[in-house]
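Peer 1: Just so you know, the sequences run in chain order A and B. Each residue of the first sequence is one higher than the one before, counting from 1 in our numbering. Each residue of the second sequence is one higher than the one before, counting from 293 in our numbering.
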Amino acid sequence: MDGFSMAAALLPGELRRAAERLDPADRRRCEELRLRRGRRPTALLGGRERPFRAEPVTEPELRRVMELATRASLHAAEAELRRGYLSAPGGVRVGVCGTGVPGRDGPGGLRAFTSLAIRIPRAVPGCADGIWEAVTAGGFRSLLAVSPPGAGKTTLLRELVRRLSESGLRICVADERGELAGFEPEGAGFDLGPHTDVMTGVPKAAAAGMLLRSMNPQVLAMDEIADAAEAEALLAAVGCGVALLASVHGADLRDARRRPACRMLLDAGAFRRCVTVTCRGGVRSCRAEELP
Amino acid sequence: MRVLGAALVAAAGVLAGLVSAGELRRELAVLDGFSVLLERLTMELTRFKTPLPELFSALAEELSGPAGRFCWTVAAGLAAGMEMSVLWRRAAEPLPGELRELLLPLGTVLGRYGAEEQAACAALVRERLSRRREERERNLRDRTRVRLGVFSAGGALLAVLLL
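(1) In chain A, what lies closer than 8 Å to Ala-412 of chain B by C-beta?
(2) Name the residues in the region 63-81 of chain A whose C-beta lies less than 8 Å from a C-beta of chain B; which are they?
(3) State yes or no: is the beta carbon of Val-404 of chain B nearer than 8 Å to at least one beta carbon in chain A?
(4) Distance cutoff 8 Å, beta carbons only. Does Ala-407 of chain B sit that close to anything in chain A?
(5) Using a Cβ cut-off of 8 Å, pull out every chain A residue sitting near Pro-345 of chain B, in sequence order please.
(6) For Ala-231 of chain A versus Leu-265 of chain A, is the C-beta distance shorter than 8 Å?
(7) So Glu-375 of chain B contacts chain A; which residues on that side make the cut at Cβ distance below 7 Å?
(8) Which same chain residues end up closer than 8 Å to Leu-329 of chain B when comparing Cβ atoms and leaving out the 5 residues on each side of it in sequence?
(9) Counting only Cβ pairs nearer than 8 Å, list the residues of chain A close to Leu-337 of chain B.
(10) Quick one: measure Cβ to Cβ for Gly-95 of chain A and Arg-63 of chain A, integer angstroms, because I've assumed they're closer than 8 Å.
(11) Quick one, are the C-beta atoms of Ala-208 of chain A and Ala-237 of chain A less than 8 Å apart?
(12) I want to see whether chain A comes within less than 8 Å of Leu-370 of chain B, judged by CB atoms only; does it?
(13) Nearest by alpha-carbon distance to Arg-273 of chain A: which of A:Trp-132, A:Gly-193, A:Ala-112 is it?
(14) Near Leu-143 of chain A, which residues of its chain fall below 6 Å by C-beta distance, leaving aside the five closest residues on each side in sequence?
(15) Can at least three beta-carbon pairs, one atom from the region 332-346 of chain B and one from the region 406-413 of chain B, be found at a separation below 8 Å?
(16) Would you mind sorting Asp-434 of chain B into buried or exposed? The rule is 16 or more other CB atoms within 10 Å of its CB.
(17) Within the continuous beta strand (DSSP E) that includes Asp-175 of chain A, where are the two ends?
(18) How should Leu-296 of chain B be labelled, buried or exposed, when 16 other C-beta atoms within 10 angstroms of its C-beta is the threshold for buried?
(19) Just reading off the alpha helix (DSSP H) that Arg-287 of chain A is part of, what are its end residues?
(20) Please tell me whether Ala-288 of chain A and Val-275 of chain A are closer than 8 Å, where the distance is taken between their beta carbons.
(21) What beta strand (DSSP E) runs, 3 residues minimum, are completely inside the region 312-392 of chain B?
(22) Can you tell me whether Val-146 of chain A is buried or exposed? The criterion is at least 16 other CB atoms within 10 Å of its CB, across all chains shown.
(23) For Ala-251 of chain A, which residues in the same chain have their Cβ closer than 7 Å to its Cβ, ignoring the five residues on either side in sequence?
(24) Kindly indicate which residue of A:Ala-233, A:Met-222, A:Gly-239 has the alpha-carbon position closest to the one of His-249 of chain A.
(25) Run through DSSP, which three-state label would Cys-127 of chain A get?
(26) Is it buried or exposed, Thr-154 of chain A, if we count other Cβ atoms within 10 angstroms and call 16 or more buried?
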């Protein structure tokens, strides 16, 4: 089942049929399905939203999507919901908007869901072709991929993991949300290569420590470095001679440096190369550079 | 022969009483099975936040009788991606009317709310089930006693008349 089919499988009845009526070319390039209560559902194509049904999304439809995405187990997804998303089968990430509920120690969760953004995971073999020589010249060295949200850094990271694994490197992936591997209950969805080990469902910082101690990686991969704990885990890996393959949100390297976690790693010289991913008018481009 | 006939009549009364007692035991066993189901559901939701497909699959293996069959139907429906409220109603259809009515509200709550809310609803249903069980046990015991008494007395009276 491809990424679009995985995402469409979360839609109930008529909404699913409407999404499946998109033509094959649009289904292949669709990045997200956006559902907003009281508004027409849209498909994100080349950075722009296009409605795919005349009728607006109803509240029962949103509830049913949540039920399908959580396998009728909203209670099991409370920790993720506090961070505003769900990890659905197949590596599909569902962004969630609703009314916050106060918890004992901070945000308690979300109720009365109003919007859902269903991100469609995909493997794009060849998307790293343009930068492959640059990132592997003289041997692979720790690489940071920088891009704004939705520009394709996860897809690029997935392809880099696969190709590095196929080149013989032992890769360990801290894949908390299961997005890189395309987590399914019955096994991994995406091909990440023959020498790749994946830890899903564990917070990235803890997963990195576990992988470092027990799986003997040559490269440690982590998508979306977000906090100091994750940065420290990556630094610990560098200290053990493990190369890094990581990504962070940002328009460019200078923008990425504004994030404390990323700045910590860059100042420590953890990365030797950087790839900046941009998306303009639906066209993606990657630029690689050596870091001092 | 008269003595034998009288003895048979009296024995019939005792047997009727025993049959009632058997009915009572079976009915209470069904209620007990669902009480165990609800207790496990409450614990698994609050302590382990077990996803419902896994939970009902495990319960279908552990429980027997109507409760086990109920869990099997729910587990199979969840695996097929059915909507919980619809699936719960369908699983409850073969159950006796009062038990079904007690269970139905839980189907509109399960899977849709936080662990505490779901567990609270399950606990409430279990409490109502428990009260219903006590009431049922009391009523049936009284009826059984009366029936046993009537048949036994009738048999004894008949025995006297025949003799």
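We put the CB at the ideal spot given by N, CA and C, even for glycine.
Peer 2: Taking the geometry as given:
(1) Simply none; closest approach about 12 Å.
(2) Arg-63, Arg-64, Met-66, Glu-67, Leu-68, Thr-70, Arg-71, Ala-72, Ser-73, Leu-74, His-75, Ala-76, Glu-78
(3) Residue 404 of chain B is actually Arg in this sequence, not Val. It does: the Cβ of Arg-404 of chain B has a partner Cβ on chain A nearer than 8 Å.
(4) yes
(5) Arg-71, Ala-72, Ser-73
(6) yes
(7) Arg-64, Glu-67
(8) Leu-351, Leu-355, Ala-359, Phe-362, Cys-363
(9) His-75
(10) Contact doesn't hold; Cβ gap of about 16 Å is too wide.
(11) yes
(12) yes
(13) A:Trp-132
(14) Val-135, Leu-245, Arg-273
(15) yes
(16) exposed
(17) 171-175
(18) exposed
(19) Note, Arg-287 of chain A: premise wrong, no alpha helix (DSSP H); beta strand (DSSP E) at 283-290.
(20) yes
(21) none
(22) buried
(23) Pro-148
(24) A:Met-222
(25) coil
(26) buried
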